[in-house]
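In the numbering used here, the protein residues as written are 1106 to 1292.
We put the CB at the ideal spot given by N, CA and C, even for glycine.
Please read all numbers here as calculations on a predicted model, not as lab measurements.
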């Protein structure tokens, strides 16, 4: 019959403590018994000590909100959205935090943002207008996104190293490490 708004609160991943626990366990598993980068241990510790209080109504989440997962028309409107493996239910800030975390790393790595791209404050204002409420605990959701995406990178590095491919990139000039430092500097 499909999902109705009343069903969203029944999804287990709407519990942030459980979502954090799953992400923390994933990082341990991804590390495959090897050294986990200190910046991800710092991100995990910070997320654990700053876990937002429950009480935000759940939203349907895209899960992998980033420009690379959008198809645009010639008139710059969105024609399609791609990549729904991380879809779930939870606070809307989860998607916004993921977008900001990954977009920030992309912009820094590329040497700047696209000309005319909206700034952070205007994007938050637009998001709040669509939500009908203020965005809360955004730094936590960004750090959580960095923990999750960084954990995926750890897993990739471990799989590559099993094939004899150098996984040193995980520790050298990794954009996640710098992004974690930038979020910590704002808090």
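If I follow the unbroken alpha helix (DSSP H) through residue i, where does it start and stop?
| i | result |
| --- | --- |
| residue 1164 | Premise fails: residue 1164 lies in the beta strand (DSSP E), 1164-1166, not in any alpha helix (DSSP H). |
| residue 1288 | 1280-1291 |
| residue 1216 | Element bounds for residue 1216: n/a, residue is neither H nor E. |
| residue 1143 | 1143-1154 |
| residue 1239 | Unbroken run through residue 1239: none, as it is neither H nor E. |
| residue 1126 | 1121-1135 |
Using the DSSP secondary-structure output, state which residues sit across from residue i in a beta bridge.
| i | result |
| --- | --- |
| residue 1176 | 1185 |
For residue i and residue j, I'd like the C-alpha separation in whole angstroms.
| i | j | result |
| --- | --- | --- |
| residue 1106 | residue 1162 | With a pLDDT of 44 at residue 1106, under the threshold of 50, the modelled position of that residue is not reliable, and the figure given next carries that caveat. Distance between the alpha carbons of residue 1106 and residue 1162: 22 Å. |
| residue 1243 | residue 1225 | 11 Å |
| residue 1124 | residue 1282 | 22 Å |
| residue 1122 | residue 1179 | 42 Å |
| residue 1194 | residue 1168 | 9 Å |
| residue 1160 | residue 1235 | 19 Å |
| residue 1218 | residue 1264 | 32 Å |
| residue 1172 | residue 1215 | 14 Å |
| residue 1109 | residue 1164 | The predicted position of residue 1109 is uncertain, since its pLDDT is 47 and thus under 50; no value can be drawn from it. |
| residue 1233 | residue 1274 | 37 Å |
| residue 1132 | residue 1241 | 25 Å |
| residue 1115 | residue 1229 | Residue placement at residue 1115 is flagged as unreliable, the pLDDT there being 47, under the threshold of 50; the coordinate-derived value follows with that caveat. Residue 1115 and residue 1229: Cα-Cα distance of roughly 27 Å. |
| residue 1246 | residue 1199 | 6 Å |
| residue 1271 | residue 1220 | 36 Å |
So, at 6 Å on beta carbons, what are the nonlocal neighbours of residue i in its own chain, with the 5 sequence-adjacent residues on each side left out?
| i | result |
| --- | --- |
| residue 1129 | 1149 |
| residue 1250 | 1202, 1203 and 1206 |
Along the beta strand (DSSP E) that carries residue i, what are the first and last residues, could you check?
| i | result |
| --- | --- |
| residue 1194 | 1193-1195 |
Residues in its own chain within less than 7 Å of residue i by CB, not counting five upstream and five downstream?
| i | result |
| --- | --- |
| residue 1276 | 1142 |
| residue 1174 | 1186, 1187 and 1188 |
| residue 1153 | 1125 |
If I measure Cβ to Cβ from residue i and keep anything under 8 Å in the same chain, skipping five residues before and after, which residues do I get?
| i | result |
| --- | --- |
| residue 1147 | 1285 and 1289 |
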